[in-house]
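A.B. asks: Structure in structure tokens, see below.
Residue numbers (UniProt numbering): 1 to 218.
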């Protein structure tokens, strides 16, 4: 029967759920490091929003980086519905992706190193899925702030695509778009795997190294 399952497709703006005008309640501080989830962030901090499958495991991968990350948060981006709920996103009718906001110090952790972690932590060739998690909310995506971030993201994507091609993988499907809105997810989703260490984590990479990014600066 699975042969006849409808393929996940993005809704049009006219088809998207209406959402709501007010943000959903969420946590005030990061459960792991105590930093303010919505800021203010320290001077010089950059933010980027990344989609790489179920956001529970994805967020943990970034807060566990050894240095340079001020805060992480999970939310929704890349779609149409304002202030969506988790349940609405899971219907596929908001157009949103499950994403992680990473606030980082580029003097300590360069953007290309953040993106190396991103690409090595999932399979960016799977389209609207990650492993057994199927749906538009699991697509690979980078949502940038400004042209410099976009240029870096495109360069890293191409470098990793070439590395994957050499190993026989299909084309990379990672979308790169300017960030229009980041909607913080409900409080219970924030740092979920720190609160629930035995919780579900569907994160998995290709085993192919991304040939850019040098890690934490000396």
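Ideal Cβ positions, reconstructed from N, Cα and C, are used throughout, including at glycine. Since the model is a prediction, treat every value here as computed from it, not as a measurement.
#1: Considering only C-alpha positions, which residue in the set 188, 147 and 179 is nearest to residue 141?
#2: At a cut-off of 6 Å, is residue 26 close to the ligand COA when judged by its beta-carbon and the heavy atoms of the ligand?
#3: With three or more C-beta pairs closer than 8 Å as the rule, is the segment 100-117 touching the segment 149-159?
#4: How would you write the range of the beta strand (DSSP E) that residue 147 sits in, first residue to last?
#5: DSSP has residue 52 in a bridge; who is on the other side?
#6: For residue 100, name the three-state secondary structure that DSSP assigns.
#7: Between the beta-carbon of residue 161 and the beta-carbon of residue 208, is there less than 7 Å?
#8: On the DSSP bridge list, what partners appear for residue 77?
#9: Hey, quick one: how far does the beta strand (DSSP E) through residue 177 stretch, first residue to last?
#10: How many whole angstroms separate the CB atoms of residue 103 and residue 74, which I take to be in contact at a CB cut-off of 8 Å?
C.D. replies: If we stick to the structure as given:
#1: Closest option to residue 141, Cα to Cα, is 179.
#2: Because no ligand of any kind appears in the structure shown, any question about the ligand COA cannot be addressed here.
#3: yes
#4: Element bounds for residue 147: not the beta strand (DSSP E) but the alpha helix (DSSP H), 147-166.
#5: 140
#6: strand
#7: no
#8: 97
#9: 175-178
#10: Contact doesn't hold; Cβ gap of about 13 Å is too wide.
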